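Asks: To start, I am sharing the structure in question, which I have written as structure tokens.
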Amino acid sequence: MQMQKTFIGACGLALSLVASAVAAQSLSQSEINQLGTTLTPIGAEKAGNAAGTIPEWTGGLSEDAGQSLANNFLENPFKNEQPEFVITAQNYQQYRENLTPGQIALFERYPETFRMPVYKSHRTVGFPQSVYDQVKRTAGQAKLVNGGDGVENVEPGSSFIFPIPKTGGEVIWNHMTRYRLNVHRWYMQAMPQTNGSYTLIKMEEEVGYPNLMPDIDPSTMPNNLLFFKQRVNAPARLAGNVLLVHDTLDQLKEPRMAWVYNAGQRRVRRAPQVAYDGPGTASDGMRTSDNFSMYNGAPDRYDWKLVGKKEVFLPYNAGQLSEPGLKYADVLKAGHVNPEHTRFELHRVWEVQGDVKQGQRHIYAQRNFFVDEDSWMIGLADHYDGRGTLWRVGEGHLAFNYKQKIPGYTLETLYDLLAGRYIALGMYTEEASAPQYGGTPPTYNQFTPAALRAAGVR
């Protein structure tokens, strides 16, 4: 069901003023020298906080932090820990300083059932040395263009292109250029009704990155960010539908290209609606296209403001949600996911606010993203409607793959405070395999429109 509600920014300020307001500031050599010293190699504060509730970053989890289990699952290194305290609707006021407006709204919307178990904080995220070397080498090179809508001077395959951000737009670009690997994964999506009933949507997804694909010279595709293919495997009425996306860095220079294969019609069609606030795949209107992966796509419909740094309880080290065999029915409950399987920790975040530009439109008039400093991944997101009402609250439950040195979302949730429903996607604990990172790299031919029909009917 496609959402009809839209927000149109009022006409006003000239675009040239917006462009000058978000112009990128180059880094000095003394700032770059902080990477790997007072800052982590990708730009987080290395030290812990004064209270001792956020520890010093010491490199992240080592590869031997836990055992490899069957079918790409990993042992939860914190499985024996217990919550230090639990935040509820009855006591959240004493923790308000470290809660987002969205979290507070969830306590007030579901006072009897929503709670946040808070555990000891662990700064688990680390990356390969090659990533650190690249970030140090390329720091200060990337520039925002078109008023922050695109970037230039980006070395193909670069990660974390603004390790010491000066603007909100630069933080958003760090999220979108975060370090990732080719991946093949199987996962669920569900949109529980207010009574808790739901139908499971089973998805299969392949993502390839030009610098990690054997038949592509990334220098010939400097503006290509990734190739994405998503197939619906269940229920039967949707099975065989496939989405293909070619994503670019500067989508005003070269827009995202998307195609869909409709199994019922056996036709491949261009899909320009797979962007911005177009409806997400099989989501019953419960998320937009750019809600996927907490935020994706062209940032050009918003003015981005860097609100600042703060300490927030993030859904983090979510090993409970990736335990093999965990039943989806144990997690998916009426109103919100089962708090027994969630884990929150205190971490530092960058808060970025996006306001719809003058003359642009989006169903979310304002978005506030809370971006984890250690991974540059959005951990929490607040979405406001055109009346300024907090409408939807997003959570990205982060888990770190310590064997592959890559963080990812083991579950994404988006709570609709007005409808009393939510969408949950990304869990894989009942699937035959956890996400397969690396492995045999995909080829470009797997991500062409001609390959869509074969993907749908196999």
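Letter by letter, the sequence shown follows residues -23 to -1, 1 to 435 of mature numbering (1 follows the signal peptide of the UniProt record, and there is no 0).
All residues carry an ideal CB built from backbone N, CA and C; glycine is no exception.
Since this is a predicted model, take the numbers as computed values, not measurements.
Just list the residues that DSSP pairs Q165 with in beta bridges.
Replies: Here the sequence assigns Met to residue 165, which means Gln is not the residue at that position. DSSP output for M165 lists K179 as bridge partner(s).
Asks: Could you please give the first and the last residue of the uninterrupted alpha helix (DSSP H) stretch that includes Y305?
Replies: Start and end: 305 to 308.
Asks: Could you tell me the distance, in whole angstroms, from the CA atom of F347 to the CA atom of Y361?
Replies: Their backbone Cα atoms lie some 15 Å apart in a straight line.
Asks: Please state the DSSP three-state secondary structure of F269.
Replies: Looking at F269 - three-state DSSP - the assignment turns out to be coil, as it is neither helix nor strand.
Asks: Looking only at its own chain, which residues have a Cβ that is under 8 Å from the Cβ of T319, when we skip the five neighbours before and after it?
Replies: Closer than 8 Å at Cβ, skipping near neighbours: M93, P94, P292, A295, Q297, L298, H374.
Asks: Restricting to Cα atoms, I'd like to know which of E407, Y341, R369, V222 is closest to P426.
Replies: Closest by alpha carbon: V222.
Asks: Here's the rule I'm using: 16 or more other beta-carbon atoms within 10 Å means buried, otherwise exposed. How should V63 be labelled?
Replies: V63 comes out exposed.
Asks: Keeping to the same chain, check which residues put their C-beta closer than 6 Å to that of A235; ignore five residues upstream and five downstream.
Replies: Excluding positions up to five away in sequence, the list reads V222, A248, V251.
Asks: Give me the Cα-Cα distance between L357 and G371, rounded to the nearest whole angstrom.
Replies: So the two alpha carbons sit approximately 6 Å from each other.
Asks: Applying the 10 Å Cβ sphere with the 16-neighbour rule, what's the burial state of K206?
Replies: When all chains shown are included, K206 counts as buried.
Asks: With distances taken Cα to Cα, identify the nearest neighbour of residue 436 among K97, G43, Q242.
Replies: This structure cannot speak to residue 436, because the chain is shown only from -23 to 435.
Asks: Quick check: what's the CA-CA separation for Q70 versus K23?
Replies: Looking at the two C-alpha atoms, the distance is approximately 29 Å.
Asks: If you check the beta carbons only, do W150 and V128 fall under 8 Å apart?
Replies: Yes.
Asks: Let me check understanding here. Comparing Cα to Cα, which of A428, N218, F137, F424 lies closest to M190?
Replies: Of the listed residues, the one whose Cα sits closest to M190 is F424.
Asks: Between the alpha carbons of P133 and L303, how many angstroms are there, rounded?
Replies: One C-alpha to the other measures close to 39 Å.
Asks: Measuring only the C-alpha atoms, how far is E322 from Y96?
Replies: About 5 Å.
Asks: For a minimum of 3 consecutive residues, which ranges assigned as the beta strand (DSSP E) are wholly contained in the segment 58 to 99?
Replies: Correct list: 62 to 64, 93 to 95.
Asks: When the Cβ atoms of the segment 266 to 285 are set against those of the segment 326 to 338, are three or more pairs found closer than 8 Å?
Replies: Output reads yes: the segment 326 to 338 touches the segment 266 to 285.
Asks: Using the rule of at least 16 other Cβ atoms within 10 Å of the residue's Cβ for burial, across every protein chain shown, is K230 buried or exposed?
Replies: So K230 ends up on the exposed side.
Asks: Please name the residue, chosen from R86, P195, G416, N26, that lies closest to W368 on a Cα-to-Cα basis.
Replies: With distances taken between Cα atoms, W368 lies closest to R86.
Asks: When the Cα atoms are used, what is the spatial distance from S174 to G124?
Replies: If I take the Cα positions, the gap works out to 45 Å.
Asks: Would you say S135 faces chain C, with C-beta separation under 8 Å as the test?
Replies: No chain C appears in the structure shown, which is made up of a single protein chain.
Asks: Excluding sequence positions up to five away, which residues of its chain have a Cβ less than 8 Å from the Cβ of I141?
Replies: Result list for I141: L4, E8, I9, Q11, L12, L16, G20, A116, in chain order.
Asks: Between P418, V108, T390, E181, which has its C-alpha nearest M168's C-alpha?
Replies: Taking only the C-alpha atoms, the option nearest M168 is T390.
Asks: Just how far apart, CA to CA, sit H339 and T197?
Replies: H339 and T197: Cα-Cα distance of roughly 33 Å.
Asks: Starting from M190, trace the beta strand (DSSP E) both ways and give me its first and last residue.
Replies: Careful: M190 lies outside any beta strand (DSSP E) and carries neither H nor E.
Asks: Taking only the alpha-carbon atoms, compute the straight-line gap between I400 and Q6 and give it to the nearest angstrom.
Replies: Cα to Cα, I400 sits roughly 45 Å from Q6.
Asks: How would you call P384, buried or exposed, if buried means at least 16 neighbouring beta carbons within 10 angstroms?
Replies: That one is buried.
Asks: I'd like the list of long-range same chain contacts for T65, defined as Cβ closer than 6 Å, with 5 residues on each side in sequence excluded.
Replies: Excluding positions up to five away in sequence, the list reads R92.
Asks: Which same chain residues end up closer than 7 Å to A428 when comparing Cβ atoms and leaving out the 5 residues on each side of it in sequence?
Replies: Result list for A428: N422, in chain order.
Asks: Suppose you measure from the CA of L395 to the CA of N75; what does that come to, to the nearest Å?
Replies: Those two C-alpha atoms are separated by around 24 Å.
Asks: Would you check if the distance between the CB atom of V102 and the CB atom of G37 is smaller than 8 Å?
Replies: Yes; because the gap between Cβ atoms is below 8 Å, this pair is in contact.
Asks: Around the C-beta of R114, are 16 or more other C-beta atoms found within 10 angstroms, so that it is buried, or is it exposed?
Replies: When all chains shown are included, R114 counts as exposed.
Asks: Could you check what DSSP says for N49 in three-state terms: helix, strand or coil?
Replies: Helix, per DSSP.
Asks: So for N210, helix, strand or coil by DSSP?
Replies: Strand, per DSSP.
Asks: Indicate whether F108 and W327 have their beta-carbon atoms separated by less than 8 Å.
Replies: Checking the sequence shown, residue 108 turns out to be Val, not Phe. Contact: no.
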